[in-house]
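Chemist:
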Amino acid sequence: MRLKRGFIQLLIIGFVLQVSGALGLGLAVQTARAGGEEIKINEFMANLPDGSTKWVEVYNNSNQLFQTSGWKLYDGASTPNLLGNFPVEIAQKTYYKFEFKDKLNNPGGDKIIIKDADGETKDDIGYGSGGYLSLPSTGESWGRISDGIDTESANDWVKFNNTPAGGYPTPGESNVPSFVSVLPISSAYTNQNTYTISGVATENRIVRIKDNMGTELVGSPSNSPQTSNATTGAFLFTVSLVANQTNSFNLTVENGTQAVSTSTLVKITHETDVPISTIATSGFYGPNTWTGISGTASDAGSGINQVKITLQRLSDGLYWNGASWGASSELTATGTNNWSYAFDKAKLTDSISYKIKAEATDNAGNTEAASTATFVYDSQAPTGKIAINNDKTVTHSREVVLTITGYDATAGVSEMRVSEDPIFSGVAWESFSASKNFTLSSGSGDKQVYLQLKDKAGNVSIGEIYKGITYIAGLLTSDINPPVTDILVAGEMLDGKTDFGAEMTPANAMVGTAFGSISTYKTNPGESLALQGLVAVGEKYFDFALDESTAFPATIRIYFTQDDLDKSGIVDENQIVGLYYYDLDSTSWKMFEGKISFVNINGY
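Take a look at the structure:
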């Protein structure tokens, strides 16, 4: 009780000094530190034969260095005997042992007392007739169950009697043993039915292991309890596991049955499900697409530990060993869930097939059946050609059909893009197709349509692939009735009498073929005829076309029914003036004068 009273006195003194300072009395304020409670008698051995070395252990239970200069350790005699002088200081959480002979000799009991430099008692403990602890037998020590913890009760103490059950004296060290290390340090995984838990604890102490139900594993294979090695503190348990679930175990180390460490939890998961890996490959690689070997791996339980691969050259069956081609050799990939292996494309041979095998192992030791994939290395660019409207040279419509041919002997053509821009600015790649509808740019003139090809290995065609065509602008298709068309041979007639009352026959003297068409406009495609004093017979406006770059003259015949003539007010054939065409330059209708060439005519 003196300990508590000293603490109260220090608080009161500190309070008075602070108040006095506040009143301006000019007193120097100095904080008083009630530190005595941190220094505790922690263990002692008082009953040994005369001439033997007895000892008392004190402990600094604080978290700071403590000044103990002038402090002394006494017994409880009427005239106290000095057991020892304290050092100048005791570091935080540190033990200090006093040794002496021929003291604490009272056979009925005694007391051990700590006094500070002012002679004030800071801690004391009595045994036998001197206090609440029983008289220890020869060679026994009394120690606190928890270092430095004092509730002024016999329940704070345990007697160490030098037996496994009773514990052993621990001068200069903790009364409660502990684990230095336990393996595994975190949750572990295995595909085996047993697992070895090992570690290091306080030397020569009892170590126990229990399952998650609190049952000690006393039989084989665990054989708990065990005694840690007297020199190294090492211990080892082999535990049986319940299949495909997490098994929990609790370990403790004890110095007798009362001084027991806190429990250390170890979790071992038994797992037999194998991981799964995939290999990322498109089947073909080239200089532009090769980035090395890669893939993914997954495992729902313990996770991926590593991925091993092999790379085989199928042309000769050799394997890459990390430096050269030779006998079968496994390589370790970098990464786990997303793994890769760097491989220089310079080591690959053009047009040769290769086989990759990947094998993932999880943290429980389960290894999958290998996944495989093959690829071909191709460094050759594809080639091809393009045709417009079946190689026609002239079109009156911006809407044309491209015929595309691609060649690639190894990987095959997979993508293409077409444009009138030779550098394909902003043009996206699309899947290769042998035919494609394409819209020419507006405005009459010569057009060039360019083609670029890409094969499955990522190689892009070299040089320009293009085709030209001349576009002569006309009305939009939506303004023209569906035409009659045909490929015409010289001298053959394109018969449109049924549909439009017209026909067109290329001259017999010409050689070759031409694409011909006859259609009618849905409305007058030019300025009003009435403005020029003209009347269209039958209100028909024709569109005749021959798509051919060379001269290909043709005879055009237009037939009118009597009904057409009647509606137009024609009673005499002399009233029919002739054929007119609409001239775009003068924006007027002009009479066709029977010219063979339309080179200098801009109209329809």
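The UniProt record's numbering puts the first residue of the sequence shown at 1, with every later residue one more than the last.
Backbone N, C-alpha and C fix where the C-beta goes; we use that ideal spot for every residue, glycine too.
Please read these numbers as outputs of a predicted model, since none were measured by experiment.
1. Counting along the chain, where does the beta strand (DSSP E) carrying Lys567 start and finish?
2. Which residue or residues does DSSP assign as beta-bridge partners of His270?
3. So, with DSSP's three-state summary, where would you put Glu359?
4. Return the CA-CA distance between Gly24 and Asp118, expressed in angstroms with no decimal places.
5. Roughly how many whole angstroms lie between the Cα atoms of Glu254 and Phe160?
6. Taking the alpha carbon of Val537 as the reference point, which residue from Ser517, Thr555, Asp566 has its own alpha carbon closest?
7. Please identify the residue among Ile558, Lys355, Ile149 whose C-alpha is closest to the C-alpha of Ala373.
8. When you compare the region 292–299 with the region 257–264, are there three or more beta-carbon pairs, one atom per stretch, that lie closer than 8 Å?
9. Using DSSP bridges, identify the partner residues of Leu133.
10. At 3 residues or longer, what runs of the beta strand (DSSP E) sit wholly inside the region 36–72?
11. Between Gly326, Ala243, Thr523, Ile423, which lies nearest to Ser461 when the distance is taken from Cα to Cα?
12. My assumption, with CB atoms under 8 Å, is that Val376 sits in contact with Thr410. Please give the rounded CB distance.
13. Which same chain residues, not among the five before or five after residue 645, have their C-beta less than 6 Å away from its C-beta?
14. Since Glu503 sits in a beta bridge, which residues does DSSP pair it with?
15. So, with DSSP's three-state summary, where would you put Asp344?
16. Which same chain residues, not among the five before or five after Gln532, have their C-beta less than 8 Å away from its C-beta?
17. With DSSP as the reference, identify every bridge partner of Lys454, one or two as the case may be.
18. Just tell me which of Asn321, Asn106, Glu271, Leu311 has its CA closest to the CA of Gly303.
19. Cutting at 6 Å between CB atoms, please list the residues of its own chain near Arg398, excluding the five before and the five after it.
20. Please confirm whether Asn305 and Thr246 have their CB atoms less than 8 Å apart.
21. What residue range does the beta strand (DSSP E) around Gln575 cover?
22. With Ala201 and Phe237 assumed to form a contact (beta carbons below 8 Å), what rounded beta-carbon distance in angstroms separates them?
23. Confirm the yes/no value for this check: CB of Ser517, any heavy atom of the ligand FMN, distance under 7 Å.
24. What residue does the beta strand (DSSP E) around Lys103 start on, and which one ends it?
25. Does DSSP put Gly384 in a helix, a strand or coil?
Modeler: So, from the listed chains and residues:
1. Reading the sequence shown from its first residue, position 567 is the one you call residue 567. From DSSP, Lys567 is part of no beta strand (DSSP E) but of the alpha helix (DSSP H) over 562–568.
2. Numbered from 1 along the sequence shown, position 270 holds the residue referred to as residue 270. Per DSSP, Thr190.
3. In the sequence shown, the residue the question calls residue 359 occupies position 359. Residue state, collapsed to three classes: strand.
4. Taking the first residue of the sequence shown as 1, we reach residue 24 at position 24. Taking the first residue of the sequence shown as 1, we reach residue 118 at position 118. The predicted position of Gly24 is uncertain, since its pLDDT is 33 and thus under 50; no value can be drawn from it.
5. Stepping through the sequence shown from its first residue, residue 254 is reached at position 254. Stepping through the sequence shown from its first residue, residue 160 is reached at position 160. So the two alpha carbons sit approximately 12 Å from each other.
6. One-based indexing of the sequence shown puts residue 537 at position 537. Ranking Ser517, Thr555, Asp566 by Cα distance to Val537 puts Asp566 first.
7. Here residue 373 refers to the residue found at position 373 of the sequence shown. Here the closest residue by C-alpha is Lys355.
8. no
9. Within the sequence shown, residue 133 is the residue found at index 133, counting from 1. DSSP, once it has assigned bridges, lists Tyr127 as partnering Leu133.
10. The qualifying runs are 39–45, 54–60.
11. Taking the sequence shown and counting its residues from 1, the one referred to as residue 461 is at position 461. For Ser461, the closest C-alpha among the options Gly326, Ala243, Thr523, Ile423 is that of Ile423.
12. Indexing the sequence shown from 1 puts residue 376 at position 376. Indexing the sequence shown from 1 puts residue 410 at position 410. Contact between Val376 and Thr410 holds, since their C-beta atoms are separated by about 6 Å, short of 8 Å.
13. Within the shown structure, residues of the chain are numbered from 1 to 604, placing residue 645 beyond reach of any answer.
14. Counting from one through the sequence shown, the residue named residue 503 turns up at place 503. Paired residues: Asp495, Arg557.
15. Residue 344 sits at position 344 when you count from the first residue of the sequence shown. Note: Asp344 maps to coil in three-state DSSP.
16. By one-based count along the sequence shown, residue 532 stands at place 532. Cβ neighbours of Gln532 beyond the five flanking positions: Ser588, Trp589.
17. For this step, residue 454 is matched to residue 454 along the sequence shown. DSSP output for Lys454 lists Glu415, Val460 as bridge partner(s).
18. Position 303 of the sequence shown, counting from 1, holds the residue named residue 303. Minimum Cα distance to Gly303 is reached at Glu271.
19. Within the sequence shown, residue 398 is the residue found at index 398, counting from 1. Within the same chain, Arg398 has close Cβ partners Thr439, Leu440.
20. Position 305 of the sequence shown, counted from the start, is the residue given in the question as residue 305. Position 246 of the sequence shown, counted from the start, is the residue given in the question as residue 246. No, they are not a contact pair.
21. Here residue 575 is taken as the residue at index 575 of the sequence shown, counted from 1. Element bounds for Gln575: n/a, residue is neither H nor E.
22. Counting from one through the sequence shown, the residue named residue 201 turns up at place 201. Counting from one through the sequence shown, the residue named residue 237 turns up at place 237. At roughly 12 Å, the Cβ-Cβ gap does not stay under 8 Å, so Ala201 and Phe237 are not in contact.
23. As for the ligand FMN, it is missing from this structure, which has no ligand bound.
24. Locating residue 103 in the sequence shown gives position 103, where the first residue counts as 1. Lys103 -> no beta strand (DSSP E), and no H or E assigned at all.
25. If you number the sequence shown from 1, residue 384 lands on position 384. The three-state secondary structure of Gly384, taken from DSSP, is strand.
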